[in-house]
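Asker:
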Amino acid sequence: MSSNPLLVRTHPPVSRRGGNPWLLPKTLIPAAFVLLLIVTVIAPQWFTPLKPDDMDMDAVLSAPTLRHLFGTDSLGRDVFSRVIYGSALSLSIGLGATLIACVGGMALGLLSALAPRALRRVLVRLLDILLAFPELLLALLVIAVLGRGPTNTLIAVGLAGIASYARLLRSQVLQVKLSGYVEHSVALGESPLRIIFRHILPNTLRPLLILATLGIGQSVLTASSLSFLGLGVVPPTAEWGALLADGRDYLDVAPWISLLPATVVALSVIALTLLGRRLQTILAKGA
Amino acid sequence: MNKKTNQWEKRPLVRALAAAMLVMASGQIFSVNAAETPVQGGTLNVALGSDTPIIDPSITGQSVTALIDRNVVDSLVGQAEDNRFTPWLASRWEVNDNHTDYVFHLRKDVTFSDGTPLDAEAVKYNLERILDPKTTSSYSKSLLGPIKTITTPDAYTVAIHYDSPFAPLLQGLSLPYLGIQSPTYLKKTQNTSNTVVGSGPFILKSFVKGSGSQLTRRADYHWGPGYAAHTGPAYLEAINFKYLPESSVRLGALTSGQIQAIDAIPPVNAKSVKNNPALEVKTKENPGIVRVLYLNTSKGPFTDVKVRQAFLSATDPASAVKVAFFGTLKAADNVLGPQTQYYDPSVAKLGGFNLDKANKLLDDAGWTAKNAAGIRTKDGQPLTVDFVYDPSTLETSDVTLFQAVQFQVKKAGIDLKLDPVDSGGFADRTNNNQYDVVSSFYVRAEPDILRTVFHSSYAPPKGSNYSHISALDDKLTQAVGAPDAQRKQLYSAIQREVIEQAYVVPLSVPAYQLGISKKVHGISWATNAKPNFYDVWLSH
Amino acid sequence: MLWTGIQRLFTILAVLWGAATLTFVALKLIPGDPVSILSGGANVVDDAFRAQLTHEFGLDQPLWLQYLHYLGHALIGNFGQSYQYREPVIAVIFSALKQTLVLAVGALVLALALAVLNALATAGRWRYLRTFFTGLELCLLSTPVYWLGIILLSLFSFKMHWFPVMGNEGWQSLVLPIITLSLPLAAILSQILRDGLEEALSQPFALTVRTRGAGETRLRLRHGLRHATLAASTLTGTMLANVLSGSILTETVFGRAGIGKITLQAIASRDMPLVLGIVMLSALLFVIINLVVDAAYLLIDPRLRKRSS
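Residue numbers (the numbering used here), protein chains in the order written: chain A, 1 to 287; chain B, 1 to 540; chain C, 1 to 309.
1. Give a yes or no on whether the C-beta atoms belonging to I179(C) and L152(C) are separated by under 8 angstroms.
2. Excluding five sequence neighbours on each side, which residues of the same chain lie with their C-beta closer than 7 angstroms to the C-beta of D271(C)?
3. Beta-carbon of A144(A) versus every beta-carbon of chain B: anything under 8 angstroms?
4. Check whether the Cβ atoms of I494(B) and L450(B) sit closer than 8 angstroms, and answer yes or no.
5. When you compare only the Cα positions, how much space is there between G213(C) and E198(C)?
6. Against chain C, which members of the stretch 123 to 139 of chain A pass a CB distance test of less than 8 angstroms?
7. For V92(C), which residues in the same chain have their Cβ closer than 7 angstroms to its Cβ, ignoring the five residues on either side in sequence?
8. Under 8 angstroms, Cβ to Cβ, is there at least one residue of chain B near S62(A)?
9. Pick out whichever of P44(A), G147(A), V145(A) and K177(A) has its Cα sitting closest to the Cα of F197(A).
10. Please list, in chain order, the chain C residues whose beta carbon lies closer than 9 angstroms to that of E237(B).
11. Is the Cβ of Q260(B) closer than 8 angstroms to any Cβ of chain A?
12. Would A78(A) count as contacting chain B if we go by Cβ distances under 8 angstroms?
13. So if DSSP puts D304(B) in a beta bridge, which residue, or which two residues, is it bridged to?
14. Taking 7 angstroms as the cut-off, is the beta-carbon of V116(C) closer than that to any non-hydrogen atom of the ligand MN?
15. Please name the residue in L140(A), L272(A), M106(A) and A254(A) whose C-alpha comes closest to that of T222(A).
16. Tell me, to the nearest whole angstrom, how far the beta carbon of G288(B) is from that of T340(B); I am working on the premise that it is less than 8 angstroms.
17. Within its chain, find whatever has a CB closer than 7 angstroms to the CB of P483(B); leave out the 5 residues flanking it on each side and keep chain order.
18. Between G217(A) and chain C, is the shortest Cβ-Cβ distance under 8 angstroms, so that the two count as touching?
19. From this set, V73(B), S213(B), G463(B) and R218(B), which residue's C-alpha is nearest L244(B)'s C-alpha?
20. Helix, strand or coil for D316(B), going by three-state DSSP, please let me know.
21. In angstroms with no decimal places, state the Cα-to-Cα distance between N354(B) and L236(B).
22. Whole angstroms are fine: how far does the CA of S524(B) sit from the CA of R92(B)?
23. Please classify T122(C) as buried or exposed, where buried requires at least 16 other C-beta atoms within 10 Å of its C-beta.
24. Give the straight-line distance between the Cα atoms of L108(A) and L95(A), rounded to the nearest whole angstrom.
25. Among W17(C), L181(C) and L63(C), which one has its Cα closest to the Cα of G277(C)?
26. Assign G27(B) to buried or exposed, taking buried as 16 or more other Cβ atoms, counted over all protein chains shown, within 10 Å of its Cβ.
27. For chain A, find out if any of its Cβ atoms is closer than 8 angstroms to the Cβ of F407(B); answer yes or no.
28. Quick check on W22(A): does DSSP put it in helix, strand or coil?
29. Can you tell which of A31(A), G276(A) and V220(A) has the C-alpha that lies nearest to the C-alpha of L91(A)?
30. Taking the straight line between their C-alpha atoms, what separation do you get for P25(A) and V34(A)?
31. Indicate the three-state DSSP secondary structure (helix, strand or coil) for F207(B) in the structure shown.
32. Do you know how far the Cα of A111(C) is from the Cα of L183(C)?
33. Taking Cβ positions, are P510(B) and V290(B) nearer each other than 8 angstroms?
34. From which residue to which residue does the beta strand (DSSP E) around Q495(B) run?
35. Can you tell me where the beta strand (DSSP E) holding I289(B) begins and where it ends?
36. Taking Cβ-Cβ distances shorter than 9 angstroms, what residues in chain C pair up with L178(A)?
Written out as structure tokens, the structure reads:
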């Protein structure tokens with residue numbers, strides 16, 4: 001799916017009660033969940049003593065118990081630890097891909113808004129071309145060229161997402177450029193580079209940041225779609241999409257091996273999205 | 001006691017009832033047999049897990065094409081389930097002892113569905129078309145072998161001559177890939193990918209790639225194969241083949257009654273299908289080369305026979321197959337499957353799971369050190385082998401099988417790295433010899449399939465000799481044309497050597513599993529382990 | 001006016017050319033050649049046959065010549081023959097497109113309908129209802145599309161037997177795939193429409209309309225919606241991309257033959273003519289849709305008409 005599904009709201013909602021917006025439950029709860037996810041990425045071993053790849057060929061497709069909180073999969077591996085270690089991988093892929101998309105998008109967006117006229121024309125066309133590709137298709141092509149694996153999935157999803165960020169940044173930069181602010185600086189004789197870094201970037205970064213927070217969730221979903229199509233990570237790697245794809249064949253005998261990971265995926269993406277929206281609301285009010 | 005017998009005698013009604021029940025019970029026994037009378041008509045819906053882009057059997061090696069086309073094209077000869085050959089389009093034939101000259105005498109009453117009569121010229125046209133490079137036929141062409149000449153001594157006799165002996169011709173001719181199509185149709189059709197016109201019991205009404213095919217009955221058909229259970233037109237009025245790649249979707253279609261037959265039942269559901277009173281599972285073990293891991297002897301750690309033997313000994317096919325297939329498939333102990341002609345059961349003792357033996361062999365081979373992950377190393381290099389495969393050609397359970405093997409050989413310190421690629425990538429890696437292990441299986445009742453897989457002239461990119469073997473060339477070439485007794489000996493020796501030298505690691509014996517509604521009767525099996533639909537009928 | 005037309009045409013051509021070139025380069029970079037794929041596997045190949053296929057596919061020519069040949073043919077609308085299907089690419093694409101189009105259009109229409117209903121009903125009102133729907137939309141967007149499809153399939157087809165499982169028969173087999181594809185779209189559209197509607201409803205003109213006695217419904221439908229649609233139109237390009245991506249996944253789950261499946265197979269088989277054909281098609285579609293949206297913009301907002309000239 002697109003990395004830009006949730007548009008930036010252009011007006012702040014009416015605040016119904018006072019108090020520090022950072023401490024409201026609707027900020028704290030998603031933030032706490034995201035923090036939990038970050039800890040999972042850094043230290044997955046704190047959450048489970050079992051290893052994600054250890055097979056117990058006698059306890060295949062067993063139901064959840066105290067020892068195996070989410071049951072075991074078709075090779076007797078503990079699903080809970082696969083979810084935990086999988087979170088680390090999926091979130092890293094999501095984060096890395098968003099970083100690539102952001103940085104690439106910034107570069108392309110800035111250039112296409114500020115470069116000399118001829119170059120600008122070409123770059124805008126290039127942007128249009130990239131936008132003409134569905135994101136999944138772009139990612140597929142990149143994977144086909146690079147091969148499979150977590151790093152390549154990261155690169156593929158990242159490259160596929162550049163166009164959306166570039167377009168956003170371009171329109172933001174154009175807005176700033178048109179405001180009197182920049183003209184003022186130009187009149188003052190400031191160097192172009194200084195103008196970019198001191199004036200343009202800070203004003204455009206905010207919407208980009210919010211989009212990025214939302215984008216991590218979408219990148220995770222795109223990466224999992226690739227795994228579902230059989231093009232993402234390689235067995236026996238635990239990654240959210242791969243876990244969902246694995247469980248698909250066992251829905252009637254062992255639904256927990258995909259239902260439970262799917263719930264974790266959904267909750268994580270929801271938490272990230274909510275956090276992103278809260279950031280957006282809070283920062284919009286502040287600005 | 002007395003009282004009881006008295007009561008029995010005093011109750012004629014009870015006696016009458018008991019007698020009536022006995023009669024009814026025996027009636028039940030008889031009525032089961034009565035239900036075996038075939039019913040005319042009906043449409044059979046079959047869901048398949050794989051698709052084919054081409055429906056012309058002469059230009060593709062896809063097994064789905066063969067499955068569908070078996071109903072649309074007839075073959076010169078038929079092969080029964082016990083491997084003997086029966087008449088079909090050819091009512092009789094002669095083969096000389098050297099297997100260099102074959103003469104076929106055709107039936108005189110056969111017509112294709114477009115009205116063209118079958119004669120020797122039609123057969124000659126079909127075969128020569130396959131041999132013609134412009135047709136770009138590959139598998140069918142390989143089945144024909146090095147034909148020197150095809151002649152038609154009279155209107156219904158075809159003579160095929162080889163310079164060097166070629167024994168597998170009859171078996172090849174019995175397959176749909178050498179099915180006879182209408183020459184009138186072939187001559188006027190530029191592109192035959194989407195249509196096929198033959199003389200079979202069904203006519204191809206439509207073929208939509210990615211969706212399926214529709215077949216309708218041919219009412220005037222009366223020249224079926226000698227192994228069939230009946231003569232005359234097929235019972236079924238139509239067959240619909242649908243392509244449903246998702247196994248859960250396929251299974252759901254079967255259990256909900258929308259489909260009456262599916263292939264490739266997911267092993268995890270096999271038990272529930274068997275327990276379902278409306279369904280049953282018919283399994284047919286594949287003859288041919290079983291699912292094996294080919295060990296690349298031309299490079300890397302597998303150049304050393306000790307490492308190969310260690311890999312073989314570290315694998316426990318029985319346990320891996322049990323986990324992956326839930327008891328629906330057998331573990332393999334030989335490169336050939338038990339249903340293949342000249343399968344040698346004594347070879348089973350040569351291999352076998354033995355972790356200690358594996359460890360010792362690897363120590364002997366110099367892989368004595370171990371790294372932090374528990375993988376053996378030698379001169380600083382870890383014992384990592386690359387297993388390249390294309391998931392689109394496999395079922396989920398196959399990938400589970402591979403992961404189980406990966407886990408097993410790790411205990412001996414071998415790192416089996418799974419390297420899935422798409423079909424383009426697979427062709428690339430195999431053609432450029434960039435792999436250590438690949439896996440496949442071949443369905444063929446003829447042991448000559450061993451030549452396709454182990455003769456040096458078929459090393460990639462020319463073929464499927466993935467292990468890059470040349471040591472078996474002499475025996476394989478000899479066996480192609482040798483008399484039967486000698487063939488048996490040669491193929492035994494070949495099977496022994498393959499296991500002793502650990503060119504391959506046998507894993508599972510593939511089988512075709514047909515899940516059908518109990519309303520479907522009359523399924524029989526072709527020798528390529530595909531179901532025949534000519535004798536099938538549906539009860540109400 | 002003419003000059004704008006020419007500029008537009010130039011843009012279209014540039015985008016198409018760029019897309020084709022990018023894909024040509026990408027495909028040539030991917031390891032694996034189609035001849036091996038078509039003749040490999042269980043098939044036995046000899047050198048003469050391989051050479052012949054290579055020649056037939058034009059793969060023995062130097063790269064730049066292949067590129068020019070391709071471009072030249074594409075200009076006159078001839079995309080060559082698919083390697084796998086041995087049929088003209090256009091024929092393959094169109095037959096697959098028919099299937100996907102039904103799905104895509106159905107999903108878009110349903111998504112729009114749901115989104116409009118949702119936005120109209122919940123914009124700026126009934127806090128709990130709004131929160132409930134917003135939450136639902138969030139869940140839909142956070143769940144992978146293929147997952148939704150499998151759940152719907154398990155529930156409604158396997159367990160309850162309401163709908164057939166199979167691919168392409170009749171309208172019943174379209175229901176579940178269309179719903180699957182439309183739900184995430186409906187979620188996005190709802191949010192945009194609702195936001196746009198709320199913003200429009202808080203504008204001064206809304207107050208004016210209300211004081212003139214117009215009912216809330218009429219206000220929403222006639223005035224608010226028009227403003228909101230502007231915001232939605234900008235996303236149409238993204239929606240198209242969503243639908244194409246979503247269709248790849250949905251078609252895989254429901255066993256339908258469509259563009260998604262053809263694309264995956266084409267890339268996997270290095271079927272270059274087919275992949276290029278598909279890319280050109282989506283680029284063309286994107287460009288056309290953009291043009292249509294621009295025109296629609298002018299229709300919806302009269303203010304823009306003056307500005308554009």
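Every residue gets a Cβ at the ideal spot worked out from N, C-alpha and C, and that includes glycine. This structure is a prediction, so every number in the text was calculated from the model and none was measured.
Answerer: So, from the listed chains and residues:
1. For the 8 angstroms CB-CB criterion, I179(C) and L152(C) form a contact.
2. P34, S82, Y83 and Q84
3. yes
4. yes
5. 19 angstroms
6. R125, L126, D128, I129, L131, A132, F133, P134, E135, L136 and L137
7. S82, Y85, I262 and L274
8. no
9. K177(A)
10. Residues of chain C passing the Cβ test: none, with the nearest at roughly 18 angstroms.
11. no
12. Contrary to the premise, residue 78(A) reads as Asp rather than Ala in this sequence. No - not a single Cβ of chain B is within 8 angstroms of the one on D78(A).
13. According to DSSP, D304(B) bridges with nothing at all.
14. The model depicted lacks the ligand MN and carries no ligand whatsoever.
15. Ranking L140(A), L272(A), M106(A) and A254(A) by Cα distance to T222(A) puts L140(A) first.
16. 6 angstroms
17. D97
18. yes
19. The residue from V73(B), S213(B), G463(B) and R218(B) with its alpha-carbon nearest to that of L244(B) is S213(B).
20. coil
21. 52 angstroms
22. 23 angstroms
23. buried
24. 20 angstroms
25. The closest CA to that of G277(C), considering only W17(C), L181(C) and L63(C), is found on W17(C).
26. Bear in mind that the predicted position of G27(B) carries a pLDDT of just 45, short of 50, making it unreliable; the figure below should be weighed with that in mind. Burial check for G27(B): the Cβ neighbour count within 10 Å stays below 16, so the residue is exposed.
27. yes
28. helix
29. Among A31(A), G276(A) and V220(A), the Cα nearest to that of L91(A) belongs to V220(A).
30. 14 angstroms
31. strand
32. 6 angstroms
33. In this structure, P510(B) lies near V290(B), with their beta-carbon atoms less than 8 angstroms apart.
34. Element bounds for Q495(B): not the beta strand (DSSP E) but the alpha helix (DSSP H), D484 to E500.
35. G288 to L295
36. Under the 9 angstroms cutoff, chain C gives no residues; its nearest Cβ is about 15 angstroms from L178(A).
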